[in-house]
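Engineer:
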Amino acid sequence: LAKTTQPISMDSYEGQEVNITCSHNNIATNDYITWYQQFPSQGPRFIIQGYKTKVTNEVASLFIPADRKSSTLSLPRVSLSDTAVYYCLVGDTSSGTYKYIFGTGTRLKVLA
Amino acid sequence: DTAVSQTPKYLVTQMGNDKSIKCEQNLGHDTMYWYKQDSKKFLKIMFSYNNKELIINETVPNRFSPKSPDKAHLNLHINSLELGDSAVYFCASSTHSLGLYEQYFGPGTRLTVT
Chain A
8 LAKTTQPISM DSYEGQEVNI TCSHNNIATN DYITWYQQFP SQGPRFIIQG
58 YKTKVTNEVA SLFIPADRKS STLSLPRVSL SDTAVYYCLV GDTSSGTYKY
108 IFGTGTRLKV LA
Chain X
355 DTAVSQTPKY LVTQMGNDKS IKCEQNLGHD TMYWYKQDSK KFLKIMFSYN
405 NKELIINETV PNRFSPKSPD KAHLNLHINS LELGDSAVYF CASSTHSLGL
455 YEQYFGPGTR LTVT
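Each protein sequence line maps, in turn, to chains A and X. With the first sequence counted from 1, adding 7 to any position gets you this note's numbering. With the second sequence counted from 1, adding 354 to any position gets you this note's numbering.
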């Protein structure tokens, strides 16, 4: 079963770049890696998704090494409104059935 | 327009009661999900339905029974509620199943069992 682990929390200052890493040692070969953002009292919201190397969209970048056993979400120039919990999500088929496994979540606090 | 809606937003009930949470999506998606988020904020999938058919059924007590009357609705019925059922329950939907397509989450239902 895939174990997806993330740092529990991170602090950053406004304007800095923040990198959050997720470890997913047992990710299935053909799985995408997806990241979500969650604000208090709201459901998670999609940020970015990738399969390998680097993906960039208007809000973030996602770096995935060749072995795909980890991924790093990069938030450029964070602002106070980026304070939230960030989750990675991977699929795992090691048990014979497809399972969605959320990471443990990283609480990002952006300071002024 | 709300893409994925859940009712009620808050639910307080006593042990042993039976309760239901409703979910509706207006995105035209084929796949819907139920997740449980515990007090430590861990998110865990419970069920997934694709076109009204159950495709993922994680190890949850059989007191939890999902029901999908049509592909726009996925309700969660819980029998004989226990203290450990207290959590936030999220409904979500996506275009397809069996693959990590972008999921759209509802606002959540906070269930408190006393």
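Heads up, the beta-carbon is just placed ideally off N, CA and C, and yes, glycines get one too.
Would a C-beta distance cut-off of 7 Å place I375(X) and L430(X) closer than the cut-off?
Structural biologist: Taking the second sequence and counting its residues from 1, one reaches residue 375(X) at position 21. Taking the second sequence and counting its residues from 1, one reaches residue 430(X) at position 76. Their beta carbons are under 7 Å apart, which means I375(X) touches L430(X) by this criterion.
Engineer: Hey, how far is the Cα of T28(A) from the Cα of L69(A)?
Structural biologist: What you label residue 28(A) is simply residue 21 of the first sequence in a count that begins at 1. What you label residue 69(A) is simply residue 62 of the first sequence in a count that begins at 1. Rounded to the nearest angstrom, the two C-alpha atoms are 10 Å apart.
Engineer: In the segment 28-45 of chain A, which residues sit with their C-beta less than 9 Å from some C-beta in chain X, listed in chain order?
Structural biologist: The residues in question are N37, D38, Y39, I40, T41, Y43, Q45.
Engineer: Check the Cβ of F444(X) against every Cβ in chain A and list those closer than 8 Å, keeping chain order.
Structural biologist: Numbered from 1 along the second sequence, position 90 holds the residue referred to as residue 444(X). Those within 8 Å of F444(X) in chain A are G50, P51.
Engineer: If you draw a straight line from the alpha carbon of T361(X) to that of N371(X), how long is it in whole angstroms?
Structural biologist: Within the second sequence, residue 361(X) is the residue found at index 7, counting from 1. Within the second sequence, residue 371(X) is the residue found at index 17, counting from 1. Their Cα atoms are separated by approximately 17 Å.
Engineer: Are the CB atoms of D384(X) and A441(X) within a distance shorter than 7 Å?
Structural biologist: Counting from one through the second sequence, the residue named residue 441(X) turns up at place 87. Counting from one through the second sequence, the residue named residue 384(X) turns up at place 30. Cβ distance not < 7 Å, so A441(X) and D384(X) don't count as in contact.
Engineer: Please report the straight-line C-alpha distance between L381(X) and N405(X), rounded to a whole angstrom.
Structural biologist: Within the second sequence, numbered from 1, the residue matching residue 381(X) stands at position 27. Within the second sequence, numbered from 1, the residue matching residue 405(X) stands at position 51. Using only the alpha carbons, I get a separation of about 13 Å.
Engineer: Using the rule of at least 16 other Cβ atoms within 10 Å of the residue's Cβ for burial, across every protein chain shown, is E378(X) buried or exposed?
Structural biologist: The residue you call residue 378(X) lines up with position 24 of the second sequence. Classification of E378(X): buried, given that the 10 Å Cβ count is 16 or more.
Engineer: Taking the beta strand (DSSP E) that V366(X) belongs to, which residues open and close that run?
Structural biologist: As a working note, residue 366(X) is residue 12 in the second sequence. That run of the beta strand (DSSP E) goes 364-367.
Engineer: E456(X) CB to nearest chain A CB: under 7 Å?
Structural biologist: If you number the second sequence from 1, residue 456(X) lands on position 102. Yes, contact with chain A.
Engineer: May I ask you to list, following chain order, the residues of the segment 78-96 of chain A that have a beta carbon less than 9 Å from some beta carbon of chain X?
Structural biologist: Under the 9 Å Cβ criterion, the segment 78-96 of chain A contributes V92, Y94, L96.
Engineer: Counting only runs of 3+ residues fully inside the segment 49-83 of chain A, write out the beta strand (DSSP E) ranges in chain order.
Structural biologist: Segments of the beta strand (DSSP E) lying fully in the segment 49-83 of chain A: 52-57, 60-63, 68-71, 77-82.
Engineer: Would S419(X) and I410(X) be called neighbours here (beta carbons separated by less than 7 Å)?
Structural biologist: For this step, residue 419(X) is matched to residue 65 along the second sequence. For this step, residue 410(X) is matched to residue 56 along the second sequence. Not in contact: S419(X) and I410(X) (Cβ atoms no closer than 7 Å).
Engineer: Is the segment 62-76 of chain A touching the segment 112-119 of chain A in the sense that three or more CB pairs, one from each, lie closer than 8 Å?
Structural biologist: No: the two stretches stay apart, fewer than three of their Cβ pairs being nearer than 8 Å.
Engineer: Who are the neighbours of L397(X) on chain A, taking C-beta pairs under 8 Å?
Structural biologist: To locate residue 397(X), count along the second sequence from 1; it is residue 43. Going along chain A in sequence order, the residues near L397(X) (Cβ under 8 Å) are P51, Y94, F109, G112.
Engineer: Identify which residue in Y455(X), L397(X), K421(X), C445(X) has its Cα closest to the Cα of T463(X).
Structural biologist: Mapped onto the second sequence, residue 463(X) falls at position 109. With distances taken between Cα atoms, T463(X) lies closest to C445(X).
Engineer: Select from K76(A), S88(A), S48(A), F46(A) the residue whose C-alpha is nearest the C-alpha of Y58(A).
Structural biologist: Reading the first sequence from its first residue, position 51 is the one you call residue 58(A). Of the listed residues, the one whose Cα sits closest to Y58(A) is K76(A).
Engineer: On the DSSP letters alone, give me the boundaries of the beta strand (DSSP E) that F297(X) sits inside.
Structural biologist: Past the edges of chain X, shown from 355 to 468, lies residue 297(X), and the structure says nothing about it.
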